[in-house]
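Going by this note's numbering, the letters in the sequence shown line up with residues 243 to 301, in that order.
Comments concern the structure below.
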Amino acid sequence: MKTFEKIIIKMIMIQFIFLMVAQIIFHHFHQFPELQKLTQYEGVGKNNFTDFLETLSRK
C-alpha cells in the first residue's frame with residue numbers, strides 16, 4: 243500500500259506543477275486575450291473590496 247501512496251503523491255505533485263506552469267503561461271504572458279476581456283466584463287479583475295465594506299458599514 244505504501245508504493246501506491248507514493249505513486250499518488252507523486253502524481254499530485256506533478257499535477258500541481260503543471261497547474262502552476264499553465265497559470266503562469268496564461269496570465270503572465272497573456273496567451274488568451276479573450277480570457278482577459280471576459281474577466282474584465284465579469285468584474286473579477288477589479289478591486290471591489292471597498293464597495294463591499296461600504297455596504298456592510300451602512301447597516
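Yeah, the Cβ is synthetic: ideal placement off N, Cα and C, and Gly gets one too.
- Message: According to DSSP, simplified to helix, strand and coil, what is Met-243?
- Response: coil
- Query: Met-255 to Lys-244, Cα distance in whole Å?
  - Reply: 16 Å
- CA-CA distance, Val-263 and Ile-249? 21 Å
- Roughly how many whole angstroms lie between the Cα atoms of Ile-267 and Met-253? 21 Å
- Message: For Phe-246, which residues in the same chain have their Cβ closer than 8 Å to its Cβ, ignoring the five residues on either side in sequence?
- Response: none
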